[in-house]
Amino acid sequence: MEPSQVHLDGTRSQGKASLEPQEDPVTTRGVLYVHAATSALCPHIEWAVAGALGVRVKLEWSAQPAAPGMYRAELSWQGAAGTGAKIASALRGWMHLRFEVTEEPSPGCEGARYSYTPELGVFHAVTGVHGDIMIPEDRIKAAVVKAAMGEVDLEEELRRLLGAPWDEELEPFRYAGDGAPVRWLHQVV
């Protein structure tokens with residue numbers, strides 16, 4: 001039996017792909033902060049980000065004062081909702097790399113923040129319209145239950161849910177980037 005699709009007007013199509021026009025994807029924007037990368041990684045980072053954005057990427061690399069021998073770059077991007085996750089996925093897991101990706105909220109989509117360090121891995125948080133981290137109710141409830149069972153300290157678990165360990169590790173790299181140039185790139189949609 002072939003799957004059927006139900007359309008909003010109540011009609012059904014049996015086993016055929018719907019040929020109705022698709023809505024334009026929701027556009028959002030964000031920033032990639034490469035806080036620290038080795039010189040050998042720089043071209044690979046550009047290639048990975050280009051793959052996520054669908055356009056050629058050439059970052060303006062500068063020395064990272066907080067880590068001699070490392071480089072930093074920033075890239076403002078515009079693309080479909082979910083592009084921040086694509087960028088973070090393309091870069092996660094690389095040793096000798098520290099980065100953050102932000103994605104602004106857009107119609108029907110929450111914002112997002114991704115932070116990565118080799119020691120801590122990836123941190124992901126949903127963000128609101130003002131950039132505040134929004135912890136889902138179920139994660140708060142789980143933290144309270146774990147704390148009640150003696151598995152975790154509640155304050156420390158809430159700090160982790162807010163990304164405090166990542167902030168502490170990345171903060172020296174953020175300050176070193178103040179005043180650095182930022183380029184805008186638009187994703188092909």
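Residue numbers for the sequence shown follow the UniProt record's numbering, beginning at 1 and rising by one. All residues carry an ideal CB built from backbone N, CA and C; glycine is no exception.
Residue i, DSSP secondary structure in three states
i: V55; result: coil
i: E104; result: coil
i: W94; result: coil
i: L75; result: strand
i: A63; result: strand
i: V31; result: strand
i: D26; result: Reading the sequence as shown, one finds Val at residue 26 and not Asp. Correct three-state label for V26: coil.
Inter-residue Cα distance where the pair is residue i and residue j
i: V129; j: V152; result: 31 Å
i: G131; j: G93; result: 25 Å
i: K58; j: G51; result: 12 Å
i: I45; j: V145; result: 40 Å
i: E74; j: R139; result: 31 Å
i: V122; j: A88; result: 8 Å
i: A112; j: W61; result: 25 Å
i: V31; j: P136; result: 23 Å
i: A67; j: A37; result: 9 Å
i: Y33; j: E100; result: 5 Å
Cβ neighbour criterion (16 or more within 10 Å) applied to residue i
i: S39; result: exposed
i: residue 213; result: The requested residue 213 is not part of the displayed model; the chain covers only 1 to 189.
i: V189; result: Its pLDDT being 44, under 50, V189 is placed unreliably in this model, and the coordinates cannot settle the point.
i: G163; result: buried
i: W77; result: buried
i: K86; result: buried
C-beta atoms of residue i and residue j nearer than 8 Å
i: E103; j: T83; result: yes
i: T27; j: G79; result: yes
i: H35; j: L161; result: no
i: E157; j: A148; result: no
Cβ-heavy atom distance, residue i to the ligand GTP, below 7 Å
i: G69; result: Although the ligand GTP was asked about, the structure shown includes no ligands whatsoever.
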